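Visitor: Quick one: the structure is below, questions incoming.
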Amino acid sequence: MVKILKRKEISHGGKIGIQLASIVFAFIFASIFILMTKNNPVSVYFSMFQGAFGTGFRFKETLINAIPLLITALGISLAFKMKFWNIGAEGQIIMGAFGASYFALFHGDLPGIILIPLMFLGGAVCGSIWGLIPGFFRAYFKTNETIFTLLMNYIALNFITYLQYGPWKDPDAYGFPKIARFGRNAVLPNLMGIHIGWIVAIILVAWVYYFLHFTKSGYETAVVGESENTAVYAGMNVKKIILRTIILSGAVCGITGVIQASAVARTLSVNISGGIGYTAIIVAWLSGLNPVIALVTSVLFSAMVQGGNFIQLSHNIPSAVADILQGTILFFVLGNQFFINYRLQRNK
Amino acid sequence: MDTIIEVRDLEKHFGSVVANKNISFKLKQNKVYALLGENGAGKSTLMNMLSGIYKPDKGEIFLKGEKIIFSSPKDAIKNGIGMIHQHFKLVENKSALDNIILGQYNGFFVNRKKIREKVMGVCEEFGLSIDLDKNIEDMSISEKQTTEIIKVLYRGSKILILDEPTAVLTPQEITNLFRIMNNMREKGCTLIIITHKLHEILEISDEVIIMRKGQFIEDVITSETNEKELTDLMVGESVDLKIERVVVPDGREILHVKDLVVEDRDRIKKLNGVSFHLREGEVLGVAGLAGSGQKELCETLNGVIKATSGDIIYEGDSLKNKTPREIIEKGVSMSFIPEDRLGMGLIAPMSMTDNLILKNYYKQTGLYLDRKDAVIQGERLIRDLQIKTPGIHHPVKQLSGGNIQKILLGRELDTHPHLLITAYATRGLDVQSSHLIYDEINKQKQNNVGVIYVGEDLDVLLELSDRIMVLCDGEITGIVDATATDREELGFLMGGKKLEEIEGAKHG
């Protein structure tokens, strides 16, 4: 018989040890599936690494895919710090993209220096409104934010479908239901070969870190997250703090939408987010809501996805097996949380 | 007489912490043992090993001369050892009978009639009375406790461990519990009672097992000892048990509560027509059974919950519709420690510094949160109040109860309040930490601070307060002069008798 006991505390080294061990075990376990495809696991893992970091181009791709994950994870971290389970990043990204697209499509003749800031502003406002709606009902009527934010995603998604088939349908698309591509002025410029979204991401990392650790508002967010009772007792305006935090969270997620629409898709479509809003929850959680760690985690996560795609070509591995690999690695990495919080003891 | 249980050299570690070491004693049949020790002395660990929740790292337990190893609480129950926990483990929306038989029968059908007869037999044997069909949620605390006792007896336990059974009872209910315990002793049970109240130990037990810092210290015969000796043994040095009541000349009135009514969300009255006043330099003790409205009173005074009607006049101003922050600024400091200690006053996972800034951070200008002053304040508090902590950046939830309380008290007193409200300030604290807090309260009193002291230990209330206000079901049953009342009178008031009725009974 094995007993599960809660750990009182764990040393820093022990924690890192468990995390490293979990990654090693993940690769060993995933090898079983690779062997089933009659491939050599070591060479598959090597080419996964190659696929993510092997050439300048691949490395760039990895970073470009890490940017939206990172920014969204930052937005989610703000809400999660308050224990507001914002599952609605997906919708907030989509609405952020919508806000940016409005300026890109209807004010596309403005010079980029004016247009792009306007797009960021529009996206941030739309994203924050999308967060504010469930936030308002949570603050004033104690509704369950998990379900509410989740369902808001579908509203956003279908709103874009409506635009695509209806009012925003591109008349020059030979009848295809799609929204027009953005003009040149509405596309983010590149810096060092990657669109400047990466600079936005780094600024946001610094800002979220500062906000959470060194501002009065960040402190209030954390107190409300730990105990609303304590916050009331200390004289905090809990409703105001909830609304402020979710507005910030939604705005940051909205910025992801702006970047994806402007620099990557160069138009607005229902695929603009493609699940980033959900994947970023994993990134935020794995990083312990720490913005600096999220920076590293999002790059590694993106590398894992890129590498997974690459081995499909290099080793002719079916995409299902690549998905199994990703799933296994995630399972082990997330599962190590159990061993950090608990330990097993054999009954003599 | 037969030795029923013997433990030899028990030892238990949690990581690097030694919770129990060198514990050896023998327990005999037909006896009541009291287990005495300060918080953190290792009483719970020891009892958890006896009831099969923990496994000892070293040492042996013998039951009637046979060595036994428990791998789960079920094994302990099978061997006749039952534990009655401080927090009852009952299903609220089920009847007493359902709770008693819960988990006992694995068959598909249950012959309730037969079981009922058997349970009634147990009740009769031990002189227990209970309505078996009453739901737990409708029961008083005393009835719930009786249900727990029947549950354990019904399972055939001959050795019963009671963890602080008297903490939540009125003096009259305690008398009844002791009668039941005496009955059980006569019927051949062995009882172990954990309590902090020395006069109860002297009243009920045959022998006292004293523990200190995880070790067995001494086993004394109750009839040959006294309160002073027990405390000295428990603490390890000579302690002064008396709480001094500082006499301060009558000050002016600072707080006047008029006909206060507080309703909860379901519009159930939690406070009903509460009126009292408080002077500078006065300690007003508040007594009452758990849940009689103490929490609501404190929270209303602090602005956390809103009064339905009535008024609170502080220094001539109404506090009724003020927010907590406006009240804090008026100099009302509330050090409120709810049952769940870290639920309101402090933020459990945060550091000491982050907890110290809780009530004054908003006074800083700008966006940036400066923690420099809190660091200095924290270091000073650690020195002044002898707080044991690895450092000011250590999460407070990992500190012991006494140290957590000291942080809370330190933060509140640093604001130099004019009205101090404390609720269960010494709950879970050992003798020395408790006295440190009584001394602090007296110091505040001398500084002309009005103190509302919500407590549960009647002896402390009697010694520390100037007047005692007793609440029952949200109403005041009496406000009495602490020097002119006694435990019995307070007990009747807590049970819902009005002061006039008691006076009437005395004269009539």
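So the sequence lines, in the order shown, correspond to chains A and B. Each number in the numbering used here comes from the position in the first sequence (counting from 1) with 2 added on. Each number in the numbering used here comes from the position in the second sequence (counting from 1) with 1 added on. Each residue gets a CB set at the ideal place from its N, CA and C atoms; glycine is no exception. None of these values were measured; they are calculated from a predicted model.
Taking 8 Å as the limit between beta carbons, can you name the residues of its chain near I326(A), skipping five residues before and five after?
Guide: Closer than 8 Å at the Cβ level, and outside the excluded window around I326(A), lie A32, F35.
Visitor: I think L245(A) touches G137(A), with their Cβ atoms under 8 Å apart; what is that distance to the nearest whole Å?
Guide: The Cβ separation is near 5 Å, so the contact holds.
Visitor: Exposed or buried, T232(B), counting other C-beta atoms within 10 Å across all chains shown (16 or more means buried)?
Guide: Buried is the call here.
Visitor: Verify whether the separation of the beta carbon atoms of G282(B) and N449(B) is less than 8 Å.
Guide: Contact flag set, yes.
Visitor: Using the beta-carbon of each residue, which ones in chain D are nearer than 9 Å to I329(B)?
Guide: Going by chain labels, chain D is absent from the structure shown, which instead holds the protein chains A and B.
Visitor: If I'm right that L192(B) touches L163(B) with Cβ under 8 Å, what's the distance once you round it to whole angstroms?
Guide: With a Cβ gap of about 7 Å, L192(B) and L163(B) count as contacting.
Visitor: Quick check for students: name the residue ranges of the beta strand (DSSP E) that lie wholly in the region 253-334 of chain B, counting only runs of 3 or more.
Guide: The qualifying runs are 254-264, 270-280, 284-288, 310-315.
Visitor: On the CB-based measure, 16 or more other CB atoms within 10 Å of its CB, does I380(A) come out buried or exposed?
Guide: A query on residue 380(A) cannot be resolved here, the shown segment of chain A reaching from 3 to 350 and no further.
Visitor: So with Cβ pairs under 8 Å, would you call W221(A) a contact of chain B?
Guide: Strictly speaking, residue 221(A) in this sequence is Tyr, with Trp absent from that position. So, interface residue.
Visitor: Quick one: list the residues of chain B neighbouring T232(A), beta-carbon separation under 8 Å, in chain order.
Guide: The contacting residues are G344, M345, G346, L347, I348, L359.
Visitor: Measuring straight from C-alpha to C-alpha, what distance separates G509(B) and I314(B)?
Guide: Unreliable placement is indicated for G509(B), whose pLDDT of 48 sits below 50; the coordinate value is still reported in the next sentence. Cα to Cα, G509(B) sits roughly 39 Å from I314(B).
Visitor: Tell me the rounded alpha-carbon separation between L107(A) and A224(A).
Guide: Taking the straight line from one Cα to the other gives about 39 Å.
Visitor: Starting from L98(B), follow the alpha helix (DSSP H) in both directions and report where the run begins and ends.
Guide: Per DSSP, L98(B) belongs to the alpha helix (DSSP H) from 97-102.
Visitor: In whole angstroms, give me the CA-to-CA distance for G317(B) and E327(B).
Guide: C-alpha separation (whole angstroms): 15 Å.
Visitor: Give the straight-line distance between the Cα atoms of L370(B) and C255(A), rounded to the nearest whole angstrom.
Guide: Going from the Cα of L370(B) to the Cα of C255(A) covers about 25 Å.
Visitor: Give me the Cα-Cα distance between T247(A) and Y221(A), rounded to the nearest whole angstrom.
Guide: Cα-Cα distance, rounded: 11 Å.
Visitor: Can R536(B) and L129(B) be called in contact, C-beta distance under 8 Å?
Guide: With chain B covering 2 to 509 only, the question about residue 536(B) has no answer from this structure.
Visitor: For F216(A), return the contacting residues in chain B, with the cut-off set at a CB-CB distance below 8 Å.
Guide: Within chain B, the residues near F216(A) are Y369, L370.
Visitor: Are the region 344-359 of chain B and the region 195-204 of chain A touching by the rule of at least three beta carbon pairs closer than 8 Å?
Guide: Counting Cβ pairs under 8 Å, fewer than three are found: no touch.
Visitor: Return the residue from the list N443(B), D312(B), D440(B) that minimises the CA-CA distance to H257(B).
Guide: With distances taken between Cα atoms, H257(B) lies closest to D312(B).
Visitor: Can you find the residues in the same chain that come closer than 7 Å, C-beta to C-beta, to E504(B), ignoring five residues on each side of it along the sequence?
Guide: Here the set comprises nothing.
Visitor: Just to confirm my understanding: we take E63(A), look at its own chain, exclude 5 residues before and 5 after, and list those with CB closer than 7 Å. What are they?
Guide: Q308.
Visitor: Report the residues of the region 37-70 of chain B with a CB closer than 8 Å to any CB of chain A, ordered along the chain.
Guide: So the list reads K56, given in the order they occur along the chain.
Visitor: Does the beta carbon of V44(A) sit closer than 8 Å to a beta carbon anywhere in chain B?
Guide: Not closer than 8 Å to any Cβ of chain B, the Cβ of V44(A) fails to qualify, so no.
Visitor: Along the chain, where does the beta strand (DSSP E) that runs through L421(B) open and close?
Guide: It spans 420-424 - the beta strand (DSSP E) in which L421(B) sits, taken as one unbroken run.
Visitor: What residue range does the beta strand (DSSP E) around L161(B) cover?
Guide: Element bounds for L161(B): 160-164.
Visitor: Could you give the DSSP three-state label for N184(B): helix, strand or coil?
Guide: In the structure shown, N184(B) sits in a helix (DSSP, three-state: H, G or I).
Visitor: Looking at chain A, is there any beta carbon in it that lies within less than 8 Å of the beta carbon of S326(B)?
Guide: The sequence shown places Arg at residue 326(B), not Ser. It does; some Cβ of chain A falls within 8 Å.
Visitor: Tell me, please, whether the CB atom of Y439(B) is closer than 8 Å to any CB atom in chain A?
Guide: Not closer than 8 Å to any Cβ of chain A, the Cβ of Y439(B) fails to qualify, so no.
Visitor: Given that a residue counts as buried once 16 or more other Cβ atoms are within 10 Å of its Cβ, and exposed if not, what is Y142(A)?
Guide: The residue in question, Y142(A), is exposed, as its Cβ has fewer than 16 Cβ neighbours within 10 Å.
Visitor: Along the chain, where does the alpha helix (DSSP H) that runs through K40(A) open and close?
Guide: Careful: K40(A) lies outside any alpha helix (DSSP H) and carries neither H nor E.
Visitor: Within 8 Å (strictly less), CB to CB, does L229(A) reach chain B?
Guide: The question names Leu, but residue 229(A) in the sequence shown is Ser. At least one chain B Cβ lies under 8 Å of S229(A).
Visitor: For the candidate residues N239(A), G279(A), V301(A), whose alpha-carbon lies nearest to that of G129(A)?
Guide: The shortest C-alpha separation from G129(A) is found at G279(A).
Visitor: I need the boundaries of the alpha helix (DSSP H) containing I135(A), first residue and last residue.
Guide: Segment 114-143, the alpha helix (DSSP H) holding I135(A).
Visitor: For Q538(B), would you say it is in contact with chain A, using Cβ-to-Cβ distances shorter than 8 Å as the test?
Guide: Nothing about residue 538(B) can be read from this structure; chain B reaches only from 2 to 509.
Visitor: Examine chain B for any beta-carbon lying closer than 8 Å to the beta-carbon of V226(A), and answer yes or no.
Guide: So no, V226(A) is outside the interface.
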